[in-house]
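Input: a single structure, listed below in structure tokens.
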Amino acid sequence: MMKKIFLLATAFSIFACNDTKNAKTMEQAETNKQYSFTEKPYGNIEGKQITEYTITNPSGMKVSIINYGGTVTELVVPDKGGKMGDVVLGYDSLSGFLQSGNPYFNAVIGRYGNRIAAGKFPLDGQTYTLAGNNDGNSLHGGNKGFDKVVWTAKKLSDSSLQLNYLSKDGEEGYPGNLQVQVVYTLTPDNGLKIEYTATTDKATPVNLTNHCYFNLSAGADSTILNHQLQIDADKYTPVNDQLIPTGKIEDVKGGPMDFTSAKPVGKDIEQVQGGYDHNLVLNKNGNGLEKAATLYEP
């Protein structure tokens, strides 16, 4: 059976791994191969050219990204036997990603990932009102979050793509001019790194993330309920009926939110109304990068 292992770290590092012996053999066999960086037209939005950038590493792993929303359109990785497969969901064309029903497939999320209750927040003595796009709440940056804007792309190297976007003061109700930079790097050991940098001229909430949807079976299975998931988190944040965190932090031990040891995603999902849509409070030992979770398709 196919097996894939993914390690998700706080900087969104993803590793599709073979065992150590196979990895060393592959590395030795591929020493003469190079990275490939290509680009091709992907369509137009409001007169702006959308381009798909594809990075391929010496092992054949590749990632494709468009400058609309910083969206990952393809992530092709080898399984244990070396068979390549695309492990992210999505659409085959720009028109799909432009659909109103697109559930943020594989895009950059900002200014603020997740929900802000009632679309309001206080800051420095002032209350700011945001675009309400989720039953009166503000979700994933509002009506036109970072997933729906055209980014400026720059090739940093054959292994790295940089995207830049200036979110102007007042955009979607947020204060301050926010300059955002996202760098995608494909590593030689089949890792995808996504690094975020943001600077602002006013205090403002910023909570950037990526919204990839994974199916590690590369389409062989229609659901991920049998995927084995382990998360290094002893606590989580309960939510109300609008999926807004209540402010409490509770232990996961013994309950359906307990992924401290690997278990199938679907094992306890029926015990959680609406399924898993919660924050897990990661066990952090410092300020550096640490492994957050492991997802495994048996």
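Going by our numbering, 1468 is the number at position 207 of the sequence shown; the sequence numbering is gapless.
Positions of the beta carbon are idealized from the N, C-alpha and C atoms, including for glycine.
Taking G1393 as reference, the option from A1379, V1441, Q1387 with the minimal CA-CA separation is A1379.
In the three-state scheme derived from DSSP, where H, G and I count as helix and E and B as strand, D1408 is classed as helix. G1342 is classed as exposed because its beta carbon has fewer than 16 other beta carbons within 10 Å across all chains shown. Three or more beta-carbon pairs separated by less than 8 Å are not found between the segment 1513-1522 and the segment 1478-1488, which leaves the two stretches without contact. In this chain, the alpha helix (DSSP H) harbouring G1357 covers 1355-1358. The continuous beta strand (DSSP E) containing Q1491 extends over residues 1489-1492. Every beta strand (DSSP E) stretch that sits fully inside the segment 1425-1485 and reaches 3 residues is listed by chain position as 1439-1447, 1452-1461. Short of 8 Å from the beta carbon of A1523, and not among the five residues preceding or following it, lie these beta carbons of its own chain, in chain order: Q1489, L1490, Q1491, T1555, Y1557. For the 9 Å CB-CB criterion, L1424 and I1306 do not form a contact.
Distance from the CA atom of D1538 to the CA atom of N1375, rounded to whole angstroms, is 10 Å. Contact between L1350 and Y1474 holds, since their C-beta atoms are separated by about 4 Å, short of 8 Å.
Here the alpha carbon of Q1387 sits roughly 12 Å from the alpha carbon of T1465. The Cβ atoms of V1542 and N1471 lie no closer than 9 Å to each other. Two segments are said to touch when three or more pairs of C-beta atoms, one from each, lie closer than 8 Å; by this definition the segment 1457-1464 touches the segment 1432-1442.
Apart from the 5 residues on each side of it in sequence, G1536 sits with its Cβ closer than 6 Å to the Cβ of I1530 in its chain, given in chain order.
Per DSSP, reduced to three states, the secondary structure at A1378 is helical.
Taking a C-beta distance under 9 Å as the contact criterion, N1363 and G1371 do not qualify as a contact pair. Put simply, the backbone Cα of D1430 is about 47 Å away from that of K1344. Within the segment 1317-1375, the complete alpha helix (DSSP H) segments at least 4 residues long are 1355-1358, listed from N- to C-terminus. Shown here, E1313 sits in a strand according to DSSP, grouped into three states. With contacts defined by Cβ atoms closer than 9 Å, K1496 and E1511 form a contacting pair.
Considering only V1467, P1525, N1395, the residue with the shortest C-alpha distance to Y1457 is V1467. Looking only at T1390, E1335, K1309, V1411, the smallest Cα-Cα distance to Y1329 is reached by V1411.
Looking at the backbone, the Cα of K1323 and that of A1479 are separated by about 14 Å. By the neighbour-count criterion, in which a residue is buried when 16 or more other Cβ atoms sit within 10 angstroms of its Cβ, S1354 is exposed.
Residue range 1297-1306 is occupied by the beta strand (DSSP E) that includes E1300. With distances taken between CA atoms, N1501 lies nearest to V1533 out of G1515, V1526, K1409, V1533. For E1551, the secondary structure class from DSSP, reduced to helix, strand or coil, is coil.
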